[in-house]
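What follows is a set of notes on a single structure, which appears directly below.
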Amino acid sequence: MATFTECRMVPVLVVWLALCLSGTWAVDRSNFKTCDQSSFCKRQRALKPGESPYRALLETMELTNTRLTLQLINDNNKVRLLLELYRLQGNMTRVKINELKPLKPRYEVPDVLVREPPTEPLSVLSQDENGVVLSLGVESQRVIVSAQPFRLDIVEGHNVLMSLNSRGLLAFEHLRMRKDTQAEPEAENKEEADTAHQAETTKEEEEKVEEGMWEETFKSHSDSKPNGPSAVSLDFSLPGVEHVYGIPEHADTLRLKTTDNGDPYRLYNLDVFQYELYNPMALYGAVPVMLAHNTQRTTGIFWLNAAETWVDISSNTAGKTVFGKMLDYVQGSSETPQTDVRWISESGIIDVFIMLGPTPKDIFSQYASLTGTQSFPPLSSLGYHQCRWNYNDQEDVRSVDAGFDEHDIPYDFIWLDIEHTDGKRYFTWDPHKFASPKDMLQGLKDKKRNMVAIVDPHIKVDSNYKIHNEIRSRGFYVKNKDGGDYEGWCWPGNAGYPDFTQPDMRAWWASMFSYDQYEGSMDNLYTWNDMNEPSVFNGPEVTMHKDAVHGSWEHRDVHNLYGLYVHRATMEGLIQRSGGVERPFVLTRAFFAGSQRYGAVWTGDNAAEWDHLKISIPMCLSLGLVGISFCGADVGGFFKSPSPELLVRWYQTGAYQPFFRAHAHLDTPRREPWLFGPENTALIREVIRQRYTFLPYWYQLFYHAYRTGEPVMRALWVEYPQDPATFAVDDEFLIGRDLLVHPVTEEGARGVTAFLPGKEEVWFDIHTFQKHNGAQNLYIPVTMSSIPVFQRGGSIIPRKLRVRRSSACMEHDPYTLFVALNTRRTAEGELYIDDGHTFNFDNKEFIHRRLFFSNNVLSSVNVAPEAQFTTKSWIERVVILGASKPRKVTLITADGHKSQLDFDFDASVSVLTIRKPSMNAGEDWSMALQ
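Per mature numbering (1 follows the signal peptide of the UniProt record, and there is no 0), the sequence shown runs over residues -26 to -1, 1 to 904.
This is how it looks when you write it as C-alpha cells:
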C-alpha cells in the first residue's frame, strides 16, 4: 500500500486527499538518501583501492577443531581486530571480523540462521612469516591468509575462486568515546579504559572528525548517533566472473550492473512511493546475498548484517562492447575478466558466508542449510487472489464473490485492506461495514474460498484500544532515544511500533490471532503484513529513526530485520490458532534473509505501466535466487489505471508467476476481471483457468522448494549454467525445469522472440503442441490470446483440466499427464499429492510418485513407500507429445491385470492421446505402447 512522504502532524485523511488530488504518482527521490547523503557510505566510499593498513599478526593464530582465530592490527591507529575463520559443512567458509576488545558489544544478527552451522576441521598445510595456507578438505581447495597487508584468498588448484581485501578496502570503524564529552577515567580505572580502547588513537586521527560521524541530519530529521561511527566494509574479488546476481530488492535487471558511475546498490527496507525502475535505490526488502556465475562455477556471498548496507560492483569488462571483447580475443589479450564487490554496512560486525558451489543447485542447498527453505504453502494460496484497497463492505465482498461465479472465473482468496478495520485499529472490524464478519467468512467457506485481512505493525495510540493498552502496559513498544515509547504517524494517525525483536512481544502478538482474541476471525481468514519496513510517514526516509531503541540495541543495528520479525510472529500466530495443524498463509512487504521460512512476498506499490510489468520478471527471479520463491507483483499495477491490453497481458504474465494476485489503489477505477468487455473477460478467464490446470505442477515445485531450497521460478542460467546466452536473459523464465514462459510485455506486440535453451533439447508449445529445437531464438507471432509457454522434451507434467470455482473444489478431480518426449524418446516427471493444507505431510502423509517413459512404456512408481496417504483422484487421460502411432496401448495395473485402452493420434503434430485409463493416481501401473 502507498504512503505519502514527509507528512506533518496533520490529520492523515487531509494529507491523503492532498496526495490523490495532486495527481503526483512518482517517487520523490529527495525523501531518500543517496550515498553522499549517508555519511558512513560517503566516508567509506571515499577510501580508494590501495595497500590495506591491516596486518595479520600470525603469532596470535590459534587453531582448534572448529575454527581458526587470528588478530589483525590497523597500523594507522593500532586498533586490533579478531578474525575468526570456519570451514563449514557443505563446501562453505565463514569469516567473522570484530573488534578484539570493543568499548561495548557490537550487534551480531540473531534468528536468521536456522542453527549454528556445523563445522569441519581446518588443517595447516604450510606457514611462514608471510602467511599461512589452510586446507578446506575439498579436492584441492585452500585458504591462503597473507599477513602484510592482510588478505585472504580461496583457491582451488591453480585457480583463485575469491579474494578478500585484495583491493585493501577492509575498514572497521572501532567504537570510541566522543572526545568533546569524554571525562578522564579515574586513575584506578584508567588501565581498564586504556585496554578497552586497545591503544591511544594518534593525534592525527583524533583530529580527523568528519561531518556525520557523531550526529547526522537529513532534511528535518536528526540522528543523535550516541555510539559514533561504527561502519564496517570489506571487498571481494571474483576472478573470471562477469555476471553477478541477487541482493534484492531492487527494480532492476536480473544481472547486476556496475556502480562506478552512480550510487551503490542500497539494502535498507523502505516504503518507497511508486518506485522508479532500473536504478539501485532501496526498496521494501533486503537480502544481502549475491551469486556470481560463469561457465565453470557458481559461488555466493552472504553478508549477515541487518544495518543499512551499500554494495558497490565494478568490473574490468564493464562497458566493453561485444566487438571490443572479440578484438581482445583476436589480439590475444590476456586480461582475465573480474568482478569486484564491496559491502559497506553502518554498524554491527563483518560476518560473511562464502558459498563455493560449484553448481547453482549447490548454492541453493548451501544457502538453505544456513537460513532455511521456502515454507510449504497451502495449495489454495497458489490459486488466484482478488484484492483491492478497499472492498467497501460485506455486500461488496458478496457481490464480487458472486461476480466470479457469474463469469465462470475461479479464485481462492478475496482480500481486505485497511478500511475493513474500526478506525485503522488492527484485529478489529468496522462495526457498520463489516458488522458480521463470521457470516461473511462462512459464506466464502461454503464455496471453499478464503479471505485475507491486513494486519499492520503500527498500532493506533488510543486508550480505548485493547491492543495498544496491552502493548503499552507490557512495555513492548520500541523506545525513543530518551526512553519513552517511540511514536510516529501512519494510517491510524499517531501510532506506536511494537518491538518485534523481543521474543515476548512476538509470542504475545502471535496469541492475538487466536479465535477468542481476534474476534470475527475463522480458519479461512489469513493475514497480510504491510508497512513493516517499518513505515513511519513523518520519520526520516519514511521510516523509523535510527537512534530509536530496541532493548540494548539501536534501530540502526536491527532495521532490516524488523519486517522479518513481524512476518514470523504473524505466521506463528496462524499456526498456533490451529493447534499446530494448519499451514499458514502470510504475505509480507518487508523481508530479509530467512523470510522465506514464513510465507510470501510481493514487489510492492508498482504502477499500471508496461515497464512495471516487465520488471516484475527480474524482480521475482532475483528473489528466487536468494531463497524466496513465493513472489509476485500486483497484477494490473497498484497505481494508475491499466489499458485493457496491459491488464490482459499482466494477467497472462502473473498467471505464470508464483504468487498470483490482482491489486489496485483506492483512487483507481474498479477493475474486476469482467469490467473490460466480454472479449477481455474471456481472455482473462482463460488465463486464470490455465493457472488452475497447472496447480498440481506448481504445488509439487513448492514441495521441492521446501525440501531443497531450489527456486520455483528460475532464471534460465540456473538450468543451463554452461550456456552464456542464458546469463543475462530476464524477459523469460522457467517454472521448475520443465516449463519455459516468455510473456508478452510490449504494447501492441504482434510477435515475440523467445530463446529456447539447450543444444540437445526440444520444446513443445503447450497450446499447439508444435515441436521446436533448443539453442535457438524463435520468433512467435502473437495475438491477444497468446501466451508463449513451452514444455521441455523429456518431461512429464501432471495437470487437472476440470477447472472449478476454487482449488479445493478440484481436490478429488482426475489428472491428465502431459508427456513430452525428448530426442531419445524418454521422459520423466513426478506426482505429489497430500491434503493440501495441514502439516501432516511432515508425518509421511502424502503420495509421491515417479513417472517415467522409456522403451515405449509409461510407468508410475512409488518413491516414498514409507508414506501413507490415499486419494480419490485418478488418471483420466495421457497426452504424449512427439509420439509415434502405436498399434495398441495396454494398461498393466499393480495386480497384473491387463486391458486395452482407446487412443487418438494426431499425425499433424505427432500427439497421442490415451483416454480413460482410469487408474487411481496413488497406485502402481504401467502403460505399454506397441
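Every residue gets a Cβ at the ideal spot worked out from N, C-alpha and C, and that includes glycine. None of the values given here were measured: they were computed from a predicted structure.
- request: Determine the direct distance from the alpha carbon of Ile433 to that of Lys193, and round the result to whole angstroms.
  value: 26 Å
task: For the stretch 502 to 562, list the alpha helix (DSSP H) runs that are entirely contained and at least 4 residues long, ordered along the chain.
output: 529 to 532 and 536 to 551
CA-to-CA distance, Val215 to Pro334, given in whole angstroms: Approximately 14 Å, taken between the alpha carbons.
- prompt: Does DSSP classify Asn163 as helix, strand or coil?
  reply: Its pLDDT being 42, under 50, Asn163 is placed unreliably in this model, and the coordinates cannot settle the point.
message: For the pair the stretch 652 to 659 and the stretch 563 to 579, tell me if three or more CB-CB distances fall below 8 Å.
response: no
message: Let's see if you can read the secondary structure: which residues bound the beta strand (DSSP E) around Ile854?
response: Trp848 to Leu855
message: Using the Cβ count rule (16 or more neighbours within 10 Å means buried), how would you classify Thr395?
response: Label assigned to Thr395: buried.
- prompt: Would Lys890 be called buried (16 or more neighbouring beta carbons within 10 Å of its own) or exposed?
  reply: exposed
Local Cβ density within 10 Å of Glu444, reported as buried at 16 or more and exposed below that: exposed
- request: Check the DSSP bridge columns for Ser97 and list the partner residues they point to.
  value: Ser109
message: Cutting at 6 Å between CB atoms, please list the residues of its own chain near Val261, excluding the five before and the five after it.
response: Pro222, Ala567 and Val600
query: With 16 as the cutoff for other CB atoms within 10 Å, does Leu57 come out buried or exposed?
result: Counting Cβ neighbours within 10 Å, Leu57 comes out buried, since at least 16 surround it.
Other residues of its chain near Thr272: CB distance less than 8 Å, five sequence neighbours each side excluded: Leu265, Ala266, Gly331, Pro332, Thr333, Pro334, Asp336, Ile337 and Pro695
Cα-Cα separation, Ser(-5) to Val777: Reliability of the predicted coordinates at Ser(-5) is poor, the pLDDT of 38 falling under 50, and no value is obtained from them.
field: First through last residue of the alpha helix (DSSP H) which encompasses Ala481
entry: Pro477 to Ser485
- prompt: Would you call the stretch 625 to 632 and the stretch 595 to 613 in contact, with 3 or more CB pairs under 8 Å?
  reply: With the cut-off at 8 Å, the stretch 625 to 632 and the stretch 595 to 613 touch.
message: Tell me which residue opens and which closes the alpha helix (DSSP H) that His394 is part of.
response: Going by DSSP, His394 is part of no alpha helix (DSSP H) at all; its letter is neither H nor E.
task: Pick out whichever of Thr757, Tyr806 and Thr310 has its Cα sitting closest to the Cα of Glu653.
output: The option with the nearest alpha carbon to Glu653 is Thr757.
query: Thinking just about the alpha-carbon of each residue, which of Ser833, Asp127, Trp463 and Leu903 is nearest to the one in Lys859?
result: Leu903
- request: Give the single residue among Arg362, Leu390, Arg423 and Ser354 whose Cα lies nearest to the Cα of residue 912.
  value: The structure shown has nothing for residue 912, since the chain only spans -26 to 904.
- request: For Trp691, I'd like the list of residues in its chain whose CB is within less than 7 Å of its CB, leaving aside the five on either flank, ordered along the chain.
  value: These residues qualify, in order along the chain: His267, Thr700 and Phe701.
query: DSSP three-state call for Trp463: helix, strand or coil?
result: Strand, per DSSP.
field: Under 9 Å between C-beta atoms of Val622 and Phe604
entry: no
message: My parser needs the alpha helix (DSSP H) runs of 4 or more residues fully inside the stretch 370 to 458; what are they?
response: 411 to 420 and 440 to 448
- prompt: Who does Trp691 pair with in a DSSP beta bridge?
  reply: None; Trp691 has no bridge partner.
message: Suppose only complete runs of 3+ residues qualify. What are the beta strand (DSSP E) ranges in the stretch 817 to 844, listed by chain order?
response: You should have 821 to 828 and 831 to 836.
message: With H, G and I counted as helix, E and B as strand and the rest as coil, what does DSSP make of Val261?
response: coil
- request: Can you have a look at Lys177 and say buried or exposed, based on whether 16 or more other CB atoms are within 10 angstroms of its CB?
  value: The predicted model places Lys177 with a pLDDT of 39, which falls under 50 and marks its position as unreliable; any figure quoted below should be read in that light. Exposed, by the Cβ-count rule.
- prompt: Got a sec, what are the start and stop residues for the alpha helix (DSSP H) Arg623 sits in?
  reply: Pro618 to Gly628
message: Please state whether the Cβ-Cβ distance between Leu855 and Leu865 is less than 9 Å.
response: no
DSSP three-state assignment for Gly357, whether helix, strand or coil: coil
query: What number of angstroms, rounded off, separates the C-alpha of Val371 from the C-alpha of Gln750?
result: 48 Å
task: Report yes if the CB atom of Leu349 is closer than 9 Å to the CB atom of Met593, and no otherwise.
output: Note that residue 349 corresponds to Ser in the displayed sequence, not to Leu. Not a contact, by the Cβ cut-off of 9 Å.
- prompt: For Asp787, which residues from the same chain have a beta carbon less than 8 Å from its beta carbon, with the 5 sequence-adjacent residues on both sides left out?
  reply: Lys774, Arg776, Arg778 and Ser847
- prompt: Secondary structure at Met901, three-state DSSP: helix, strand or coil?
  reply: strand
query: From Gln340, Gly322, Glu320 and Ser319, pick the residue whose C-alpha is nearest to that of residue 909; which is it?
result: Nothing can be reported for residue 909, as the shown portion of the chain is limited to -26 through 904.
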